[in-house]
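Asks: Sequential numbering of the sequence shown, starting at 375, is according to the numbering used here. All C-beta atoms, glycine included, are put in the ideal place defined by N, C-alpha and C.
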Amino acid sequence: MKVLVTGGGGFLGSVICRQLLARGDEIIAYQRSAADALEKQGAKVIRGDITDVELLNSASKGVDAIIHTAAKAGLSLNYEDFFGPNVTGTENVLNACRNNGITKLVFTSSPSVTHSDGDIEGGNESLPYPDTYNSPYPETKALSEKMVMAANCMDLATVSLRPHLIWGPGDNHLLPKLLERARHGKLKLPGPHKLIDTVYIENAAKAHLLALDKLATDPETIGGKTYFISNDEPLSQSDIIGGLLKAVGFEVDIQGISPVLAKAAGTVLETGWKLFGLKSEPPLTRWSAEHLSTAHWYDISAAKRDLAYTAEISIAEGLEILAEEFRRKSEGA
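(1) When you compare only the Cα positions, how much space is there between residue 494 and residue 398?
(2) What residue range does the beta strand (DSSP E) around residue 497 cover?
(3) Within 10 angstroms of its Cβ, does residue 391 collect 16 or more other Cβ (buried), or is it exposed?
(4) Following the continuous beta strand (DSSP E) through residue 377, name the residue where it begins and the one where it ends.
(5) Ends of the alpha helix (DSSP H) at residue 665?
(6) Which term fits residue 432, buried or exposed, when burial requires 16 or more other beta carbons within 10 angstroms of its beta carbon?
(7) Report the start-end ranges of each alpha helix (DSSP H) in the segment 620 to 658 that is 4 residues or longer and not cut off at the edges.
(8) Could you give the C-beta distance for residue 552 and residue 618, rounded to a whole number, given that I count them as a contact under 8 angstroms?
(9) Is it true that the CB of residue 640 sits closer than 7 angstroms to the CB of residue 659?
(10) May I ask you to list the residues that DSSP assigns as paired with residue 614?
(11) From residue 389 to residue 376, what does the alpha carbon distance come to, in whole angstroms?
(12) Beta strand (DSSP E) containing residue 538: first to last residue?
(13) Beta-carbon within less than 6 angstroms of residue 470's beta-carbon, same chain only, minus the 5 sequence neighbours each way: which residues are those?
(14) Taking only three categories from DSSP, how would you classify residue 479?
(15) Taking residue 438 as the reference, give the member of 419, 412, 476 with the closest Cα.
(16) Could you pull out every residue in the same chain whose Cβ sits closer than 6 angstroms to the Cβ of residue 498, ignoring the five residues on either side in sequence?
(17) Would residue 347 and residue 543 be called neighbours here (beta carbons separated by less than 7 angstroms)?
(18) Do residue 396 and residue 417 have their C-beta atoms within less than 7 angstroms of each other?
(19) State the CB to CB distance for the pair residue 580 and residue 393, rounded to an integer number of angstroms; the pair is presumed to be in contact (CB under 8 angstroms).
(20) Tell me which residues share the same chain as residue 638 and place their Cβ nearer than 6 angstroms to its Cβ, disregarding the 5 neighbours each side in the sequence.
(21) Is it the case that the Cβ atoms of residue 569 and residue 610 are separated by a distance below 7 angstroms?
(22) For residue 582, which three-state DSSP category applies?
(23) Since residue 652 and residue 480 are thought to touch, with beta carbons under 8 angstroms apart, how far apart are those beta carbons, to the nearest angstrom?
(24) Can you find the residues in the same chain that come closer than 6 angstroms, C-beta to C-beta, to residue 507, ignoring five residues on each side of it along the sequence?
(25) Taking CB distances under 7 angstroms as the criterion, tell me whether residue 671 reaches chain C.
(26) Strictly by DSSP, which residues pair up with residue 689?
(27) Quick one: give me the first and last residue of the alpha helix (DSSP H) that residue 513 is part of.
(28) Cα separation between residue 628 and residue 445?
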C-alpha cells in the first residue's frame, strides 16, 4: 500500500512511518521539517505545510491512503494559531483525498474533544462533545474530527483515533514539559491521586496501522467512527508522571495542591496573557488545570473489538525502554 503520512516527521508520525516501512508499505512523509532518519529508512520526504493546498494535493497523487497526524497542540490562547493547521489543514486533507481518488483516511484526534470539567472514569465513544470549550486546541480538534466523520462515504472511508497522552523515546512534547516544571525537584499537582490513561508510542502507532488495514478490508464496520486508544492501564497522575521522570534520571517530589487554587491560577494567568497580548504559552490555563484536577481514563472495548487493538508493550516495559534509551544517549553524549 502507498500511504501518505502528514506530520510524518513528528513524534507519532515518524513511528507510524517506521512501522509501515517495516512491513513493506511505500511511504510519503509530509511535514514542515526535515526528516533525514525517515529518508534513510526508505520513506519519500516532502517538506510542506498542511495549509499549502497545491503542494498537499500534488504530494497525495497516486497514494492509496492518508494517515493524518499533523496538528498544532499546546496551551497557546490564540484561536487562529490552531484553526489553520487543525481545521483548515484537515479540510485540505479531505479535499486531497477527493481530488485524487484516495479511499482511506485515518485521522489522529484527541480524547480532549469530549472533555468538560469533571472526572471521566471508564468513558466510551458515547461521550458527547461539550457545548463549549475553554481552549482552542480541543475545540479545533473537535471541529476537525466532526469534519472527518461526516466525510465518510462509499468513496472515502474515514476513521478517527483518540490516543491519550502518548509517551516514549523521542517524545518532544509531554516529557519536556514535565522536565521543565519539575526542574527544581518538586512538582505540584491538583489531582495526584486521580487515575489517567496514557499510551506508549509504539502502541499508539500500531493502532493507526490496524485502523488502516480495517478500512481496507471492512470499511463498513469502522467507517465514520471514533475510537479511544490507550495502554488500558490507568495509573494515578503521580505514579505515571513520577515513572516517566525517573526513567530519564530525574527524581521528583510530587505534592498535591488545591484544585480550586489551580483553576483560579489558570484563570488569572490566561487573563494576564490576553491582557498583555503575550504569544507564548502560559504555564497554566483553565483547561490544563481542569485536566490536572480530574480523572480521565477510558473504556477501549470498541478498539479491541473492531480493530483487534491491544497494547503490546505495557507501561512497565515502556518505562524500561525509555530508561534504556536515556542511558544510551547519556553514555554517548
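Replies: Straight from the coordinates:
(1) 39 angstroms
(2) 494 to 497
(3) buried
(4) 376 to 380
(5) 660 to 667
(6) exposed
(7) 633 to 649
(8) 6 angstroms
(9) yes
(10) Answer by DSSP bridge pairing: none, since residue 614 is not bridged.
(11) 16 angstroms
(12) Here residue 538 belongs to no beta strand (DSSP E), and DSSP marks it neither H nor E.
(13) 430, 431, 434
(14) strand
(15) 476
(16) 673
(17) The chain is shown only over 375 to 707; residue 347 falls outside these bounds and no answer can be derived.
(18) no
(19) 7 angstroms
(20) none
(21) yes
(22) helix
(23) At roughly 36 angstroms, the Cβ-Cβ gap does not stay under 8 angstroms, so residue 652 and residue 480 are not in contact.
(24) 513
(25) Among the protein chains of the structure shown there is no chain C, as only one such chain exists.
(26) Residue 689 pairs with nothing; no bridge assigned.
(27) 510 to 524
(28) 31 angstroms
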